[in-house]
Amino acid sequence: MTTTPAESQEFAHASASMYAFVAKALLVPPDAAWLTHLSQPSVREALEAAGVDLPTPLPPIDDVIQEFHLLFRVPTDRYVRPYESVWLEADFGDAPTPTGSLFGAQTVAVAGEYQRFGYTPPSSPRELMDHVGVEADYVAWLWASASTGADEHAQSLAEPRTRFLQDHLAPFARKLYPQVKNADRTGIYAALVQLLLRLVEDDLRKTHD
């Protein structure tokens, strides 16, 4: 069955929206409106269709805000170190603690990708280039760019998107997800990182079909 340009653009727009949703959730502390949106039946159904289950009922917003900071901002024993270079700069096998450093080789590499294709990371909050939320936002931006141009333009972005997923976000998300799953006491952020991993793996699977 042949996919029409309109269908391709619709798919690109939907992919951009999903990646952007996850990116924002991993970069910005939640508020009550965000949690209300997450509780909508349509959102739950979309997540369940992707094989991701949210906790029922959702925890209070104050608990979710605290969890965001403990997982992604404050270096306590539950801090997951959401930076690619920390997890992928060195091979630490099955050790629970990563051996890479902040602003490592991966940080420089993804910054080069962003500059090459004209992507500007979010300025608020300002994060290192290899933060998981920034990388997800970059993929959202690539999909959004593909959704607004001609079919030839969309095709020109497919290769850099696939390469970025293969080289950066896929191996990073595979390392990060178990850490978040083990540390997250609300279940929300584990579900969101699981969703990110599903999006990435589905994208890569489609490139080989």
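For the sequence shown, my numbering assigns the number -7 to the initial residue and increments by one for each residue that follows.
Every residue, glycine too, gets a C-beta built ideally from N, C-alpha and C.
The structure presented is a predicted model; accordingly, all values stated were derived computationally and were not measured.
Around L161, the same chain offers E127 and V192 as residues with beta carbons nearer than 6 Å, after the five sequence neighbours per side are excluded. Proximity of the region 59 to 70 to the region 168 to 177 meets the contact definition, three or more beta-carbon pairs being nearer than 8 Å. Per DSSP, R73 lies in no alpha helix (DSSP H) segment and is marked neither H nor E. Using a Cβ distance threshold of 9 Å, T99 and Y75 count as a contacting pair. Contact between the region 31 to 50 and the region 179 to 199 is present: three or more C-beta pairs spanning the two stretches fall below 8 Å. In this structure, F60 lies away from P117, with their beta-carbon atoms at least 9 Å apart. Separation of the CB atoms of S139 and Q32 is rounded to 23 Å, and the pair is thereby denied contact status at 8 Å.
Considered as a whole, the region 116 to 181 harbours 124 to 140, 143 to 156 and 162 to 175 as its complete alpha helix (DSSP H) runs of no fewer than 4 residues, in chain order.
Per DSSP, S31 lies in no alpha helix (DSSP H) and is assigned neither H nor E. If you draw a straight line from the Cα of S115 to the Cα of E37, it is about 32 Å long.
Residue nearest to A6 within the set A182, R197 and A132 is A132 (criterion: CA-CA distance). In the structure shown, F95 adopts coil according to DSSP, grouped into three states. By the beta-carbon neighbour count (other beta carbons within 10 angstroms, threshold 16), E151 is exposed. Going by DSSP, L63 is part of the alpha helix (DSSP H) stretching over I53 to F64. Collapsing the DSSP output to three states places L46 in coil. If the five residues before and after W26 are omitted, its C-beta is found closer than 8 Å to the C-beta atoms of A17, all from its own chain and listed in chain order. Residue burial annotation: R153 is buried, with at least 16 other C-beta atoms found within 10 angstroms of its C-beta.
In this structure, D159 places its C-beta atom within 9 Å of the C-beta atom of A101. Ranked by Cα distance from K167, the options F109, F3 and E81 are led by E81. In this structure, the CA atom of L149 is about 7 Å from the CA atom of L134.
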